[in-house]
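Trainee: Protein chains in written order, with the working numbering: chain R, 0 to 505; chain G, 1072 to 1496.
All C-beta atoms in this analysis are idealised placements derived from N, C-alpha and C, irrespective of residue type, glycine included.
Please see the structure below; I have some questions.
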Amino acid sequence: MEQLRDASIHHTAQKLAHAIKAMKNYEEIFKKVQQLACSPGVDKHDLRNTLEDAIKSTGLETEIRNIVFHLVRNTLITEPKSQEKLAHGTDPLAYLRRSAVQWDRRVRKSLNAMCAELSMPLQGQPRTVIDRDELISKWEELSNYTIDLSNYRPVYAPKDLLDVLLSLKGPQKPVEDTEQVPNWEFSHIELPVKNLFELRLLFAELFRKDATTTNLDLPTQCKRILETKQSPLCQHFLKKGKTPAPFRGELWSFVLSHGNDMHGQECEHWARLRNKVLTTDHIVDKLIFKDIQLTASNDDQYFVFEDVLYQIMLCFSRDTEIASQIQFEKYPVKGRNYDGPPSGVVPFHGICMFAAPFCYLYDSSINLYFTFRAFYIRYCHRLTTINTHPQGIVSLCLLFEKLLQTHEPQLWSHFRELQIQPIRVVFKWLMRAFSGHLPPDQLLILWDLILGYDSLEVLSLFAIIILSFRKDSLMQVTSLDNIEAILADLSSIKVLPLIQLALCRD
Amino acid sequence: MYGRAGNTVPHERMRVSFCTDLDKSVLVNNFEKRGWTQVSPDDDWNFYWASVQTCRNIFSVDSGYRMHDNQMINHFPNHYELSRKDLLVKNIKRYRKDLEREGNPLAERSEPTAAGAPRYVYLDFVPITFVLPADYNMFVEEYRKNPQSTWIMKPCGKSQGAGIFLINKLSKLKRWSREAKGPFHQQLSKESYVISKYIDNPLLIGGKKFDLRLYVLVTSFRPLKAYLFKQGFCRFCTVKYDTSVTELDNMYVHLTNVSVQKHGGEYNNLHGGKWSVQNLALYLEGTRGKEVTDRLFGSIAWLIVHSLRAVAPVMASDRHCFECYGYDIIIDNNLKPWLVEVNASPSLTSTTVTDRILKYKLIDNILSVVLPPDGVPDVRWNKIPSADALGNFDLLLDEELAAQEEQAQNAQPSTKGRGGGNRWK
């Protein structure tokens, strides 16, 4: 057993070493180590110990630890079992993977069709000099860059994705089961989801009284943690849901990437993206402008950041690193493959609302961009595509459904009687992670929890909590419109007390 | 009939009657929610939401109208001491001089610099302003110290951005004054203007300029009792800010008044260019830190209190009156707030759904602060509302309460004062 574990650690270490060597900033780190090795404090007779000390004392150790933390979180966790099952054709989720690939293909196909219709090449075309000059001069005020968008429509909206999800058909069940199992929308999907007890364990930190551990006030604790520059500590701090606003931006960037100190490469990367936007004219640009105009520009919480969002989303569309970091579902499906935009992400209705809340955290577009990008890759992507991830949108729908049925049976039967699928009224919340629905101060708390617990499950839980909070009103109405009217205004909802109340109630 | 004594009417049976010059739903809905009945101005009313003109008429000696104890009206008779741009500046200048004469440390001045006269350290919250044509020579003297500066001209008596223009050359002002005196502008020449140093380094958010509209309720000037409504908002220019001269004539860039912005091509009906003060605070805390944000909001409260103190001695502090002022404030990029003007009849027109909710709440909270606990107007009430009655209002200053607290403190030196009421002393 010991041996096995040693071997597995050795194996992981090897994988990590490989991954680090493949990183863009490997050279930079290696140079730093080389310099340290030459420093007077390092003794060549006791190289191992003295070099280690030097690495620790210069803070390079923290940097490497954070790199390992992010590598382990983002890339090394794969699903070897399912890969195996896939190979043997025994994967119970095969149909889901197939649907995922088909959905992705369908979205790209419709982008391709739009290109053909408007006779624009999908790969983009060089921008005309006049257009480029205009774009350069208006880069800081892109709301004044006027283009005709009347022919462009969002490629898909939450409703389209929901319709596909609701039509997902699993393998046929044995006949005797159908009588016991009511006709749930997602229950046939064999994805593991937590029950309330397990959620309570997951969010245990929300109740922990920390009076004994420290008598420092939160801002001071937070400052100390930021001084350590350690990503895991920053992540842990977010779990309390009481993040002081002035430190949130920096905490988030440590949890999602490498902190607020941007290195030269990030600036270079941003400049390259900007340059790609300025030199090529791409259909996604139009879709991005359209999306921002349809959503953030009309939103009284976010309209002031319109121009920042244009920059962020345009650069996002050109970032090929996103395509390489997103874990797409794999399943062999026959038929033609379609190209997507450089980032691999086809803009949908409301995509910019994932970036909008970040405007409350960062003044600098570069800081905003890299934290948002990491957030998108890790979380938003799972919310907007069909996938088998335990925190993907399918799992969240299933979790919502199970929680509602178990803990709000009255509401559940009310919805059944009205023949309204409960998921219909909450899906847009889930798919947008509540952005644009909760006021920013509360939304940021909810997202603190997503980052702190590294889990999107809080979205399903919170959707239930709101339904349950407005249960009395919901029980009195009988149409979808009225239900939606009751749930339209979330401006009075306070995230933390409601979640705490729901989890500690029995 | 006008002089009837209030105490002949027993409170239990008293139905409150209201009357209003403004047919706004946010007003009428609030009055009706309280079970009040609408009457005409000639009937016996308890509560009058009047225009400033009506109010002036009621209080004028000629009208012969005398209000009884159970009547209230929403303006002070000489509110213009605060709301007219020239008088406001005059009052503030006098207030500072008075404090200086008393040797009050609040009136401390900085060392004079090359750029201009010594500034007040704590009471420097209005941009340098002169009244034209009266102070023309003083203006020219100030202008010559800094000929690159831009100035903004505003007619004293107008509101909502009417008649405002920018000046960055003395010759332009001279031309204006010649034209104004011409035969076609007879009425213009009679009107006085204020000329103020233009805040050319405003705080920009998302690259856009904005100003703050805050609501301040005053229920008495002597002693001063003032409350600040928590839900103010930022009004954004829909056009990007650019100081280049070609843009100088594009008023949409410079004025954030909704009534001006509404005529701009890009006015948005869903948010109306309005962004809540709560969001401003969240953004500033997130991007600039807590201390500077707190300092900014502290300075804003300071500015409001001292502008009110500046006019308190000249205000007719009639016990029948209360007034809700719209404070227009610009924040510069050092996060220093500047008082631009005070409106005695802030707009109650709702531009968006959020706006309507806000204004309905504002009126509701005003009513609950100005009315005694039994909901019937009564001038004999001490105008000290309970904490619950404040709603979304924060107490800025109640000199009466502060004095009481001070007395209590002196009587019992061991107890610590709450420090809430008298922090402006």
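Pull up the distance between the alpha-carbon of residue 1361(G) and that of residue 439(R), whole angstroms please.
Mentor: Roughly 17 Å separates the two Cα atoms.
Trainee: Quick one: does residue 244(R) have its CB under 9 Å from some CB of chain G?
Mentor: It does: the Cβ of residue 244(R) has a partner Cβ on chain G nearer than 9 Å.
Trainee: Determine whether the beta carbon atoms of residue 205(R) and residue 158(R) lie at a separation below 9 Å.
Mentor: Result no, Cβ atoms of residue 205(R) and residue 158(R) do not sit closer than 9 Å.
Trainee: Mind checking which residues open and close the beta strand (DSSP E) that includes residue 1138(G)?
Mentor: Here residue 1138(G) belongs to no beta strand (DSSP E), and DSSP marks it neither H nor E.
Trainee: Ordered along the chain, which non-local residues of its own chain (more than five positions away) have a Cβ less than 6 Å from that of residue 1170(G)?
Mentor: For residue 1170(G), where only same-chain residues beyond five positions count, the Cβ hits under 6 Å are 1177 and 1178.
Trainee: Within its chain, find whatever has a CB closer than 6 Å to the CB of residue 421(R); leave out the 5 residues flanking it on each side and keep chain order.
Mentor: Around residue 421(R): 403 and 414.
Trainee: Using the rule of at least 16 other Cβ atoms within 10 Å of the residue's Cβ for burial, across every protein chain shown, is residue 117(R) buried or exposed?
Mentor: Flag for residue 117(R) reads exposed.
Trainee: Report all residues from its chain with a CB closer than 7 Å to the CB of residue 1189(G); omit the five preceding and five following residues, and keep chain order.
Mentor: Around residue 1189(G): 1180, 1181, 1182 and 1183.
Trainee: Residues in its own chain within less than 6 Å of residue 141(R) by CB, not counting five upstream and five downstream?
Mentor: Correct list, in chain order: 306 and 309.
Trainee: My understanding is that residue 361(R) touches residue 435(R), with C-beta atoms under 8 Å, so please give their C-beta distance in whole angstroms.
Mentor: Rounded, the Cβ-Cβ distance is 19 Å, inconsistent with contact.
Trainee: Could you tell me how far apart the beta carbons of residue 389(R) and residue 91(R) are, in whole angstroms, since I believe they sit closer than 8 Å?
Mentor: About 14 Å separates the two Cβ atoms, so there is no contact after all.
Trainee: Taking residue 1498(G) as the query, report the chain R residues whose CB atoms sit under 7 Å from its CB, ordered along the chain.
Mentor: Beyond the ends of chain G as shown, which are 1072 and 1496, falls residue 1498(G); an answer cannot be given.
Trainee: With DSSP as the reference, label residue 1395(G) as helix, strand or coil.
Mentor: Three-state result, residue 1395(G): strand.
Trainee: Can you list the residues of chain G that residue 306(R) reaches, using a CB-CB cut of under 7 Å?
Mentor: Here the neighbours are 1277 and 1278.
Trainee: Where residue 1118(G) and residue 1146(G) are concerned, what is the direct C-alpha to C-alpha distance, given to the nearest angstrom?
Mentor: If you take the alpha carbons of residue 1118(G) and residue 1146(G), they lie about 11 Å apart.
Trainee: So is residue 1201(G) in contact with chain R if we call contact Cβ pairs under 9 Å?
Mentor: Chain R contact via Cβ: absent.
Trainee: Provide the residue span of the alpha helix (DSSP H) that contains residue 1216(G), from first to last.
Mentor: Residues 1207-1216.
Trainee: Report yes or no: do three or more beta-carbon pairs, one from the segment 1284-1303 of chain G and one from the segment 1232-1239 of chain G, lie closer than 8 Å?
Mentor: Too few Cβ pairs lie closer than 8 Å, so no.
Trainee: Please give me, in chain order, every unbroken run of the beta strand (DSSP E) with length at least 3 that falls completely inside the segment 1084-1162 of chain G.
Mentor: If we require 3 residues or more, the beta strand (DSSP E) runs fully inside the segment 1084-1162 of chain G come out as 1088-1091 and 1118-1120.
Trainee: To be precise: take each residue of the segment 139-155 of chain R, compare its Cβ to all Cβ atoms of chain G, and keep it if any distance is under 8 Å. Which residues remain?
Mentor: Listed by position along the chain: 139, 140, 142 and 143.
Trainee: Contact criterion: CB-CB distance below 9 Å. Does residue 1361(G) meet it with respect to chain R?
Mentor: At least one chain R Cβ lies under 9 Å of residue 1361(G).
Trainee: Excluding the 5 residues preceding and the 5 following residue 197(R) in the sequence, name in chain order all residues of the same chain whose CB lies nearer than 7 Å to its CB.
Mentor: Counting only Cβ-Cβ distances below 7 Å, and skipping sequence neighbours, we find nothing.
Trainee: Taking the straight line between their C-alpha atoms, what separation do you get for residue 176(R) and residue 13(R)?
Mentor: Note that residue 176(R) scores 47 on pLDDT, short of 50, meaning its location in the model is unreliable; the coordinates nonetheless yield the value given after this. Rounded to the nearest angstrom, the two C-alpha atoms are 47 Å apart.
Trainee: Measuring alpha carbon to alpha carbon, tell me which residue in 1389(G), 1106(G) and 1437(G) is nearest residue 1451(G).
Mentor: For the residues 1389(G), 1106(G) and 1437(G), the minimum Cα distance to residue 1451(G) belongs to 1389(G).
Trainee: Please report the straight-line C-alpha distance between residue 131(R) and residue 338(R), rounded to a whole angstrom.
Mentor: Looking at the two C-alpha atoms, the distance is approximately 25 Å.
Trainee: Apply the 10 Å Cβ neighbour rule to residue 1212(G) and answer buried if 16 or more other Cβ atoms are within range, or exposed otherwise.
Mentor: So residue 1212(G) counts as exposed.
Trainee: Evaluate residue 178(R) with the Cβ neighbour count: other Cβ atoms within 10 Å of its Cβ, from every protein chain shown; 16 or more gives buried, anything less gives exposed.
Mentor: With a pLDDT of 45 at residue 178(R), under the threshold of 50, the modelled position of this residue cannot be trusted, and the question is left open.
Trainee: If we call anything under 9 Å between Cβ atoms a contact, is residue 120(R) one with residue 1357(G)?
Mentor: For residue 120(R) and residue 1357(G), no; Cβs fall outside 9 Å.
Trainee: For residue 1436(G), would you say it is in contact with chain R, using Cβ-to-Cβ distances shorter than 9 Å as the test?
Mentor: No, because no Cβ of chain R sits closer than 9 Å to the Cβ of residue 1436(G).
Trainee: Helix, strand or coil for residue 1308(G), going by three-state DSSP, please let me know.
Mentor: Residue 1308(G): coil per DSSP, three-state reduction.
Trainee: Flag this pair as yes or no: are the beta carbons of residue 58(R) and residue 228(R) separated by less than 9 Å?
Mentor: Yes, Cβ-Cβ distance for residue 58(R) and residue 228(R) is below 9 Å.
Trainee: DSSP three-state label for residue 1268(G), please.
Mentor: DSSP places residue 1268(G) in strand when its eight states are reduced to three.
Trainee: What are the boundary residues of the alpha helix (DSSP H) that includes residue 323(R)?
Mentor: Unbroken alpha helix (DSSP H) run through residue 323(R): 319-324.
Trainee: Using a Cβ-Cβ cutoff of less than 6 Å, which residues in the same chain neighbour residue 371(R) once the five nearest sequence positions on both sides are dropped?
Mentor: Within the same chain, residue 371(R) has close Cβ partners 354 and 357.
Trainee: Count the other C-beta atoms from every protein chain shown that fall within 10 angstroms of the C-beta of residue 1209(G), then say buried if there are 16 or more, exposed otherwise.
Mentor: With fewer than 16 Cβ atoms within 10 Å of its Cβ, residue 1209(G) is classed as exposed.
Trainee: At a CB-CB cut-off below 7 Å, which residues of chain G make contact with residue 303(R)?
Mentor: Those are 1276, 1277, 1279, 1307 and 1346, listed as they occur along chain G.
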